[in-house]
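Everything in the sequence shown is counted per the numbering used here, starting at 71 for the first residue and increasing by one. Beta carbons: idealized from backbone N, C-alpha and C, even for Gly.
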Amino acid sequence: MTKKKITIPELQEMKKSGRKFKMITVYDYPMALMADRSEIELILVGDSLGMVIQGHDGTIPVNIEDIIYHVKAVRRGAPNTFVVGDMPFLSYQVSKEEAIRNAGTILKAGADCVKIEGGMKVVETLRSVVDAGIPVVAHIGLTPQTATMLGGFKVQGKSKDAAEKLLNEALALEEAGAFAIVLECIPAQLAKIIDEKLTIPTISCGAGPHTTAQNLNAYDILGIFDKFVPKFVKQYAQMGNQIVEVFNMWSKDIDNGKYPEPKHCFNINEEDLKRLY
């Protein structure tokens, strides 16, 4: 049975009823195809593709063209799953007009909404994008695009002042029109308070169990991306090791003459073969 793509009102109703939804981060057609066949409601095409797909040390090198390319691939693979397109570094910071234009381009590529990182500094930009008719997911806590300013990939909101700042940012972003908010790498207790204070859904990415939803990266939980494994990731498989084993099995079959076998080959008509000789 083909699943039905979830809507924003349905996501917000899940918050009211206490039901959880799930958001998986994927970047390509085959992985999106698998997500579309699963019970997962949302896909995030994240700028983390800079690390997972492109091999960079962070998300800064990712540009709008990269996001568009991957959103198109994911949409083709997951027509029945709600797709969130990340807005990469410098696609929304320069001006509100440019933010609206870039957000609209991501929607035209196939996303159902965009995600914008940042707190108070992006409130008015987020408001402008929403006012233009583009749904937005906010993102606070550890914001990878500004990780250098935060001292690296570290837990945020651990002190009283830092926690209050994040709570105020969440409230401001909700007021500006965000329909959901990602809370990344913050204490579980703080995420619980934020979730209780907001009427919009909260999505935990390393923010504990008390949110409306959970988000993890497919390459992390499958054990494919192993450059580093965040503390909040639960690995359900070690497919990276399995893939290497398969590559080596194929290599050995070639060396031993076991591949290709006759069943893997195409043949020419015997009469034509004689003429060819």
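In the DSSP assignment, residue 195 falls within the alpha helix (DSSP H) that extends over 193-201. Around the beta carbon of residue 148, 16 or more other beta carbons sit within 10 angstroms, so the residue counts as buried.
Taking 8 Å as the cut-off, the Cβ atoms of residue 210 and residue 251 count as close.
Residue nearest to residue 277 within the set 162, 142, 113, 303 is 303 (criterion: CA-CA distance). Taken in chain order, the unbroken stretches of alpha helix (DSSP H) that lie wholly in the region 81-129 and span 4 residues or more are 99-107, 119-122. Given a length threshold of 4 residues, each whole run of the alpha helix (DSSP H) inside the region 263-327 is given here in chain order: 288-291, 309-325. Taking residue 94 as reference, the option from 238, 198, 104, 310 with the minimal CA-CA separation is 104.
If you look at residue 166, you'll find it in the alpha helix (DSSP H) that goes 166-179. No residue range can be given for residue 76, since it is assigned to no beta strand (DSSP E) and is classified by DSSP as neither H nor E. In the structure shown, residue 185 falls within a strand segment according to DSSP collapsed to helix, strand and coil. Shown here, residue 346 sits in a helix according to DSSP, grouped into three states. The Cβ atoms of residue 141 and residue 179 lie closer than 8 Å to each other. Residue 153 carries a strand assignment under DSSP once its states are collapsed to helix, strand and coil. Annotation for residue 210: the continuous beta strand (DSSP E) segment containing it runs 206-211. Short of 8 Å from the beta carbon of residue 320, and not among the five residues preceding or following it, lie these beta carbons of its own chain, in chain order: 329. In the structure shown, residue 160 adopts coil according to DSSP, grouped into three states.
By alpha-carbon distance to residue 90, the top candidate from 325, 296, 279 is 279. Following the DSSP letters along the chain, one finds residue 254 inside the beta strand (DSSP E) bounded by residues 250-254.
Residue 225 carries a coil assignment under DSSP once its states are collapsed to helix, strand and coil.
About 23 Å separates the beta carbons of residue 133 and residue 100, which is beyond the 8 Å limit, so they are not a contact pair.
By the 16-neighbour rule on beta-carbons within 10 angstroms, residue 121 is buried. When C-alpha distances from residue 102 are compared across 81, 74, 136, 152, the shortest belongs to 152. Secondary structure at residue 72: coil, using DSSP grouped into helix, strand and coil.
When rounded, the separation of the alpha-carbon atoms in residue 128 and residue 214 is 7 Å.
In this model, residue 267 and residue 247 are separated by some 15 Å (Cα to Cα).
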